[in-house]
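From first to last, the protein sequence lines stand for chains A and B. Letter 307 of the first sequence, counting from 1, is numbered 587 in our numbering, and no numbers are missing. Letter 27 of the second sequence, counting from 1, is numbered 62 in our numbering, and no numbers are missing. Backbone N, C-alpha and C fix where the C-beta goes; we use that ideal spot for every residue, glycine too. Since the structure is predicted, the reported quantities are computational estimates derived from the model, not experimental observations. Data first, discussion second: the structure below is written as structure tokens.
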Amino acid sequence: MSSAATKVDRREFLRSAAAGGAGLVIGFYLPGEREASAAAAAGPFAPNAWIRIGTDDTITLVIDKSEMGQGVVTSLAMIMAEELGCDWKKIHTEFAPAAKEYANPVFGMQGTGGSTSVRGSWAELSKAGAQAREMLIATAAEKWGADKSWCRAEDGYVIHTQTTEKLSYGKLAEAAGKLPVPVDAKPKDPKQYRIIGKDMKRLDSADKTCGRAEFGIDVRVLGMMHAVVARCPVFGGKAASFNADKAKAVRGVKNVVQISSGVAVVADNTWSAMQGRDALEIKWNEGANAGLTSAAISKLLADAASKPGSAVARKEGDAGAGLASAAKKIEAVYEAPFLAHATMEPMNCTAHVRADGCDVWAPTQFQTVTRWWRRKRPG
Amino acid sequence: MAIQFTLNGKTQSVDVDPQMPLLWVLRDTLNLTGTKFGCGMALCGACTVHIDGEATRSCITSISEVAGKKVTTIEGLSANLSDPVQKAWIELDVPQCGYCQSGQIMSAAALLAKKQRLSDAEIDDAMSGNICRCGTYQRIREAIHRAAQMHAAPGHPKASPEKKTKKPGETAELFPAEAGAVEAVAGGAE
Numbered sequence: 281m282s283s284a285a286t287k288v289d290r291r292e293f294l295r296s297a298a299a300g301g302a303g304l305v306i307g308f309y310l311p312g313e314r315e316a317s318a319a320a321a322a323g324p325f326a327p328n329a330w331i332r333i334g335t336d337d338t339i340t341l342v343i344d345k346s347e348m349g350q351g352v353v354t355s356l357a358m359i360m361a362e363e364l365g366c367d368w369k370k371i372h373t374e375f376a377p378a379a380k381e382y383a384n385p386v387f388g389m390q391g392t393g394g395s396t397s398v399r400g401s402w403a404e405l406s407k408a409g410a411q412a413r414e415m416l417i418a419t420a421a422e423k424w425g426a427d428k429s430w431c432r433a434e435d436g437y438v439i440h441t442q443t444t445e446k447l448s449y450g451k452l453a454e455a456a457g458k459l460p461v462p463v464d465a466k467p468k469d470p471k472q473y474r475i476i477g478k479d480m481k482r483l484d485s486a487d488k489t490c491g492r493a494e495f496g497i498d499v500r501v502l503g504m505m506h507a508v509v510a511r512c513p514v515f516g517g518k519a520a521s522f523n524a525d526k527a528k529a530v531r532g533v534k535n536v537v538q539i540s541s542g543v544a545v546v547a548d549n550t551w552s553a554m555q556g557r558d559a560l561e562i563k564w565n566e567g568a569n570a571g572l573t574s575a576a577i578s579k580l581l582a583d584a585a586s587k588p589g590s591a592v593a594r595k596e597g598d599a600g601a602g603l604a605s606a607a608k609k610i611e612a613v614y615e616a617p618f619l620a621h622a623t624m625e626p627m628n629c630t631a632h633v634r635a636d637g638c639d640v641w642a643p644t645q646f647q648t649v650t651r652w653w654r655r656k657r658p659g
Numbered sequence: 036m037a038i039q040f041t042l043n044g045k046t047q048s049v050d051v052d053p054q055m056p057l058l059w060v061l062r063d064t065l066n067l068t069g070t071k072f073g074c075g076m077a078l079c080g081a082c083t084v085h086i087d088g089e090a091t092r093s094c095i096t097s098i099s100e101v102a103g104k105k106v107t108t109i110e111g112l113s114a115n116l117s118d119p120v121q122k123a124w125i126e127l128d129v130p131q132c133g134y135c136q137s138g139q140i141m142s143a144a145a146l147l148a149k150k151q152r153l154s155d156a157e158i159d160d161a162m163s164g165n166i167c168r169c170g171t172y173q174r175i176r177e178a179i180h181r182a183a184q185m186h187a188a189p190g191h192p193k194a195s196p197e198k199k200t201k202k203p204g205e206t207a208e209l210f211p212a213e214a215g216a217v218e219a220v221a222g223g224a225e
């Protein structure tokens, strides 16, 4: 991450806000291209934050990566909770919206993959937690008229180590939100860790055990329609013509529309849309890939790989000379087939298009890319 | 014409195409989204619910077949996650992505309602129609053993004399039973 070598005084800052009982809202923006997202703080993607503490003691940690079963809700929460010093059993988590400040430091855009979540977010989430902790301690110290070094933060309380008085984070939240943000907040010494390094219970097990966890396909908007798409069996093909009469006669089907990837059937429920799709009569123009075969794809790749210099992934030493003088040579060709990602949740997306904008919910690993596509292709 | 059935203990009436699968009535008409759509062809088990106590794939069960019957979905399995299967699932942190888990839990609950002394082979057999892309199978098996212990514990309302009925089910085994190893795992779940 490049931020360590960059000046932080001007560009890095925390935003604190105490709004409508929400209490302490903390987030910060890192240097570089994400500076621009400071403007978004007041925009539609607020709260732009990882940590929120309510005056009612609720602690909400914002998870800016996609949970796909790899446990990122739990691991990122562990980083923040460790530094914040809160009670693991009282944490709420919520997923971040698509916004620049949630960009993956490794990718430079918001996305989850390549085992980057913990190593990429470690520094910024540790610091977010440490800053919140220091602000809460400073608030408590001021209330008690005590030195900050007499105070420690633990399990959602700031404790006065001399008098053993304690104040909950919720009680401190509003005043803490008015303090300037310490840009040089120090993460804990690992020797003090109480959460990191331990086998913590997953935060999402209960929701995933009673049907409450909301997946992309579960998003419901009042009065929404459901659509399915009949796609050309050949990549890149398009519908040359189609007859939708029988599809439109299916109970529940509201409309049939041609889109770039095929023919969409819109209905008031998924099953009717599927029945309508089955009833479509489509003539496909299979396009340039109509005659494509697996053998042809293999040949295409083999030809490309055999061009001199075209397929060198790594070059060390003199392989040519080594091979020329080798006593034994082994020649082999390795091929990997195309493998579909094959998620159990079928690909889906929900869009709420209004006069003033469009909300999109999707099970995606790349929130900001999804948003970019949406803007690029408003149709 | 409206179709009536009992859903999670309450009378439910829906006016939909009688051919519509129960899955879509639950998800789209009634907004009960805990039951998942995976394949629509009874191949993955994500849509499993109980119909009169039997684990059933709701994606290929038309709503007309359900008329007058008792349907239980994951939302109605228990109040406050109190079913032994749910307790064991949480204790052992079974879910990963979680998409298949409603179906896994409903299959496991139906299995345990009939029989609590289960060999690994019996569990594998009964659960073979529920697939998990994350590969949580080992923890699922462990959690079923753990839930069986809870069922048998005195005082549990569901503790009942074992019935002889064996679940008629698919025969393919997802993984071969490793009897010794699994006994140790089940014991270690305490």
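When the Cα atoms are used, what is the spatial distance from Ala510 of chain A to Trp402 of chain A? 43 Å
Threshold first: 4 residues or longer. Then list the alpha helix (DSSP H) segments lying entirely within the stretch 522–567 of chain A, N to C. 525–528 and 550–559
Which bits of chain A does Ile81 of chain B rub up against, with CB to CB less than 8 Å? Here residue 81 of chain B turns out to be Ala, not Ile, going by the sequence shown. Met624, listed in chain order.
Expected contact under 8 Å - CB spacing of Cys490 of chain A and Leu42 of chain B to nearest Å: Not a contact, Cβ separation roughly 16 Å.
Is it the case that the Cβ atoms of Ile38 of chain B and Ile98 of chain B are separated by a distance below 8 Å? yes
Distance check for Pro119 of chain B and Ala221 of chain B, CA to CA, integer angstroms please. The predicted model places Ala221 of chain B with a pLDDT of 37, which falls under 50 and marks its position as unreliable, so this point remains unresolved.
Interface flag, Thr648 of chain A vs chain B, CB-CB below 8 Å: no
Whole angstroms are fine: how far does the CA of Phe72 of chain B sit from the CA of Lys534 of chain A? 22 Å
By how many angstroms is the C-alpha of Thr373 of chain A removed from the C-alpha of Val386 of chain A? 23 Å
Straight-line gap, Gly409 of chain A to Tyr134 of chain B (C-alpha atoms, nearest Å): 31 Å
Put Ala593 of chain A into one of helix, strand or coil per three-state DSSP. coil
Does any C-beta atom of chain A lie closer than 8 Å to the C-beta of Thr41 of chain B? no
DSSP puts Pro56 of chain B in a beta bridge; with which residues? B:Ser97
Close-in-space but distant-in-sequence residues of the same chain around Lys199 of chain B (CB under 8 Å, 5 per side omitted): Only weak support exists for where Lys199 of chain B lies, its pLDDT of 41 falling under 50; the value from the coordinates is given anyway. Within the same chain, Lys199 of chain B has no close Cβ partners at all.
Segments of 3+ residues assigned as beta strand (DSSP E) that fall wholly inside the stretch 45–91 of chain B: 45–49 and 83–86
Check this for me: beta carbons of Gly111 of chain B and Gly44 of chain B, under 8 Å apart or not? yes
Taking the straight line between their C-alpha atoms, what separation do you get for Gly349 of chain A and Ala123 of chain B? 18 Å
Could you tell me whether the Cβ of Ile574 of chain A comes closer than 8 Å to any Cβ of chain B? For the sequence presented, residue 574 of chain A should be read as Ser rather than Ile. No, because no Cβ of chain B sits closer than 8 Å to the Cβ of Ser574 of chain A.
Identify the contact partners of Gly400 of chain A in chain B, using a Cβ-Cβ distance below 7 Å as the criterion. None at all; the shortest Cβ gap to chain B is about 21 Å.
Contact check, Arg62 of chain B vs Ala622 of chain A, beta carbons under 8 Å: no
So, do the stretch 452–468 of chain A and the stretch 484–500 of chain A have three or more beta carbon pairs nearer to each other than 8 Å? no
Note down the Cα distance separating Ala188 of chain B from Ile331 of chain A, rounded to an integer number of angstroms. 42 Å
Between Lys518 of chain A and the rest of its own chain, which residues show a CB-CB distance below 6 Å, the 5 nearest in sequence each way excluded? Asn565
Can the beta-carbon of Leu560 of chain A be found closer than 8 Å to that of Ala507 of chain A? no
Which residue from B:Ala178, B:Val129, B:Gln173 and B:Ala183 puts its Cα closest to that of Gln151 of chain B? B:Ala183
Would you mind reading off the limits of the alpha helix (DSSP H) that contains Thr108 of chain B? From DSSP, Thr108 of chain B is part of no alpha helix (DSSP H); its letter is neither H nor E.
Under 9 Å, CB to CB, which of the residues in the stretch 48–68 of chain B have a partner in chain A? Val51, Asp52, Gln54, Met55, Pro56, Leu58, Trp59, Val60, Arg62, Asp63, Thr64, Asn66, Leu67 and Thr68
Which chain B residues sit within Cβ distance under 9 Å of His440 of chain A? Neighbours of His440 of chain A on chain B: none; closest Cβ ~36 Å, over 9 Å.
Cβ-Cβ separation, Leu603 of chain A to Lys609 of chain A (assumed contact under 8 Å), whole Å: 6 Å
Sort out for me which residues DSSP pairs Cys431 of chain A with in a bridge. A:His440
Compute the Euclidean distance between the alpha carbons of Asn612 of chain A and Leu572 of chain A, then round it to the nearest angstrom. The sequence shown places Ala at residue 612 of chain A, not Asn. Whole-angstrom Cα-Cα distance: 25 Å.
With DSSP collapsed to three states, give me the class of Leu146 of chain B. helix
Cutoff 6 Å; reference Thr648 of chain A; Cβ partners in own chain excluding five residues on either side: Ala378, Met389 and Gln390
Cβ of Met627 of chain A less than 8 Å from any chain B Cβ? no
Going along the chain, which residues of its own chain have a beta-carbon closer than 7 Å to the beta-carbon of Glu126 of chain B, five neighbours each way excluded? Arg181
Tell me the start and end of each unbroken alpha helix (DSSP H) in the stretch 342–425 of chain A that is at least 4 residues and wholly inside, in chain order. 352–364 and 397–424
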